[in-house]
Each structure stands twice: as C-alpha cells, then as structure tokens.
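The next block holds one structure in the form of structure tokens; read it before the comments.
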Amino acid sequence: MTLLPYPERSAQTRRRLRTLMMALLVGGLLSVSGNAFAQDDAAENDVDAVSATSDDSAEEAAAPSAPVLQLAGGDRSAIETKMDSFWSVKKDLSSVEGRKYTREGKFRAGLYTGILSSQPFYWYIPVGLRATYFLSDNFGVGIEGSFSGATSFNTELSDYLEGARPTDFTEAKKEDRFLWRAHAVATWHPLYGKLAFLQRKLTHFDLNLVAGLGAVGVDRPNAVQTQVDGAVAPELLLGGGVDIFLTESVTVQLDGRFYIYQAAENDINNGDFFQSLDAPSEFLLGVSYLF
2 MTLLPYPERS AQTRRRLRTL MMALLVGGLL SVSGNAFAQD DAAENDVDAV SATSDDSAEE
62 AAAPSAPVLQ LAGGDRSAIE TKMDSFWSVK KDLSSVEGRK YTREGKFRAG LYTGILSSQP
122 FYWYIPVGLR ATYFLSDNFG VGIEGSFSGA TSFNTELSDY LEGARPTDFT EAKKEDRFLW
182 RAHAVATWHP LYGKLAFLQR KLTHFDLNLV AGLGAVGVDR PNAVQTQVDG AVAPELLLGG
242 GVDIFLTESV TVQLDGRFYI YQAAENDINN GDFFQSLDAP SEFLLGVSYL F
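Read in order, the letters of the sequence shown correspond to residues 2 to 292 in my numbering.
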C-alpha cells in the first residue's frame, strides 16, 4: 500500500465528500419531485370526485321529486274525490235534455185573434177558437174556426172608389167578403227548443207546420156584379208558427195562415178555376190551455 502525503489525502477526501453530497442532493430532489407529482395527481382526483359529486347533486336538485302522500284511509278518499273533480277525464255535468213540457195524449183548447189585410177592398180582424188532440209530442189533429163578418172593414182604396164613384162602385163591384172559416187541421211540431229570455228565464218553444181542409163563408158578388149573395166555398189551409210555453199548461201561439180557395167569378177570370184561385194571408196571436 502506497501512502500519500497528508495534503494529497485531504484533497482526495474532500472530492469524495463533495461527490457524496451531490449524490445525496440529487436523490433528495428526485424524491421531493416524486412526492409533488403524486400529490398533484391525488388533488386532481379529489377535484374530479368533488366535481362529479356536485354534478350529481345538481341533477338530483333539478329533477322533480315525486310527491309521496301518506294519508289515512278517510283523508285519501277526500283528497282523491277533490282531485277527481279537477283532473278526471269523465265529469258529471248537469245539463238540460229532452222536453221539459210534453203534450202526448193531451187536449189543447184556445182562443185566437189576428189580422187579414192582403185583400184590396176589405181587411179583417178575425176572432176564433181552436181545439187539438196530440197523438204524440210531434203530431196533433184538431179543428179551428173564426168569425170575421162583424169585424171586416173597407180599405182606403175601397173608401176612395166609393167616394169618387158613389153610384157606380157598389158592393157588388167588389170582391168576396169573408164571414167565417172552419177547418180540420193536422199539426206537425218537428223542432223543440229552449232560449234564455233576457238571460234570466229559460223559455221553451217549438216550431210547427199545419195543413187542413175546410170551408169559408162569404158574401159573393154574382157573375155580372149586380148583386151580392151568400156562398160557401171549400178551401185549403197551409201555415206554420211557433208555440211558446209560459207554464206546463199555458202556451202562446204566433201563427201565419194561407187560405187557398176559388174566388168569385168576374170578367177577368171568367170562372176559370186556376185563374180565379185566391190565397189571402192571415197572422194570428193566440193563447191555449193544455189538459
């Protein structure tokens, strides 16, 4: 073994110490760096976990939770009944159906009046009676008749001609003057309805059509218009109207009538059936009682 002088050994020892210290320093730095990286990864994992937990919590908070009702038997029945009145598909709603007033198998008797003003020389205020038996709510048969001889009046045209030609324009120069009418009729009531009168009272009504055959009594000028004689002529009745129920038994009728008959012969129609047909019209207001 070769012995080195003291100064040389000291220099070699110092180099070895420096090398060892450098190695320890490098090892320590590497160790610290590894721990730092490990802590960063753990922190990132913790942040991810916290973020995921927050997202789940937010989704759970946003999603509506289903209500859970824990009710006693009686309370549940009361709640369900109240909820059904708002949310159920089928609801019990009150409504007016069918006829409130029926007439099947009943008799009707009534009084009516009106006006007939379609003729050139006379106008009338007829007063009449009617009776009807209803086979059903929609069909009835009956009779009706009116008197108008005492309530017939000259028109303005008739008064003018009588004043202008007092010796020439006599009653024989005029037309038939109606005295009375009587008919057997059939009525059909196809439509029954209801309306709110002034938004306060529910009013029931029906629309009807009527047809009949009968006769009319007239004062008729003769063919040469020299005198007036009494006569009876057959006629056809056609019309319609509306019945308004005031009560179950009392009704008001508004009617229109057309009477088709063969009028008096004159120098215009020469007695031809179709040329002498006349159709006076009449409007009536009546009141009837059902029993």
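Even glycine gets a Cβ: it sits at the ideal position worked out from N, Cα and C. The model shown is predicted, which means the values in this text are computed figures rather than measured ones.
Asked: Any beta strand (DSSP E) of 3 or more consecutive residues that is wholly inside the region 111–193; Found: 123–125, 128–135, 140–148, 153–155
Asked: Cβ separation of L208 and L192, assumed to be a contact under 8 angstroms, to the nearest whole Å; Found: 4 angstroms
Asked: C-beta atoms of F259 and L239 nearer than 7 angstroms; Found: yes
Asked: Y161 classed as buried or exposed, judged by whether at least 16 other C-beta atoms fall within 10 angstroms; Found: exposed
Asked: Run of the beta strand (DSSP E) containing Q263, from where it starts to where it stops; Found: 251–263
Asked: Reduced DSSP secondary structure (H/G/I, E/B, other) of T204; Found: strand
Asked: Chain C contact for D279 (CB, 7 angstroms cutoff); Found: You won't find chain C in this structure, because it holds only one protein chain.
Asked: Strand pairing of A232, partner residues [DSSP]; Found: V219
Asked: Residue(s) in a DSSP beta bridge with Y290; Found: A110, V251
Asked: Same chain, Cβ closer than 7 angstroms to P281, five either side skipped, listed in chain order; Found: L117, S119, Q120, Y260
Asked: Option nearest E176 by Cα separation, candidates R166, D279, G241; Found: D279
Asked: Cβ contact (3+ pairs, closer than 8 angstroms) linking the region 127–138 and the region 100–114; Found: yes
Asked: Beta-carbon proximity check, A232 vs Y262, cutoff 7 angstroms; Found: no
Asked: Of the listed residues G129, I144, W124, nearest to F108 (C-alpha basis); Found: I144
Asked: Beta-carbon gap between G111 and S289 smaller than 7 angstroms; Found: yes
Asked: Identity of the residue in K174, W124, G257 nearest S153 by Cα; Found: W124
Asked: Between the CA atoms of A187 and A216 - distance to the nearest angstrom; Found: 16 angstroms
Asked: Under 7 angstroms between C-beta atoms of G287 and Y113; Found: yes
Asked: Beta-bridge pairing of E101 - partner residues as DSSP gives them; Found: With the sequence shown as reference, residue 101 is identified as Lys, and Glu is not the correct amino acid for it. K101 pairs with nothing; no bridge assigned.
Asked: Contacting residues, own chain, Cβ-Cβ under 6 angstroms from G218 (five flanking each side not counted); Found: L180, W181, V233
Asked: Among P222, A212, S159, I126, nearest to G150 - alpha-carbon criterion; Found: I126
Asked: Nearest-angstrom Cβ-Cβ length linking R294 and V229, presumed shorter than 8 angstroms; Found: Residue 294 lies beyond the range of the chain shown here (2 to 292); nothing can be said about it.
Asked: Cβ separation of L214 and H184, assumed to be a contact under 8 angstroms, to the nearest whole Å; Found: 7 angstroms
Asked: Residues near A224 in its chain [Cβ-Cβ closer than 6 angstroms; skip 5 each side]; Found: E266
Asked: Distance between G164 and N271 (C-alpha atoms, nearest Å); Found: 28 angstroms
Asked: Assigned exposure category for A67 - 16 Cβ within 10 Å defines buried; Found: A caution first: A67 carries a pLDDT of 45, below 50, which makes its placement in the model too unreliable to give a value.
Asked: Residue burial classification, L285 (beta-carbon count within 10 angstroms, cutoff 16); Found: buried
Asked: Contact belief for G115 with L130 at Cβ below 8 angstroms, rounded distance in angstroms; Found: Incorrect: roughly 13 angstroms between the Cβ atoms, too far for contact.
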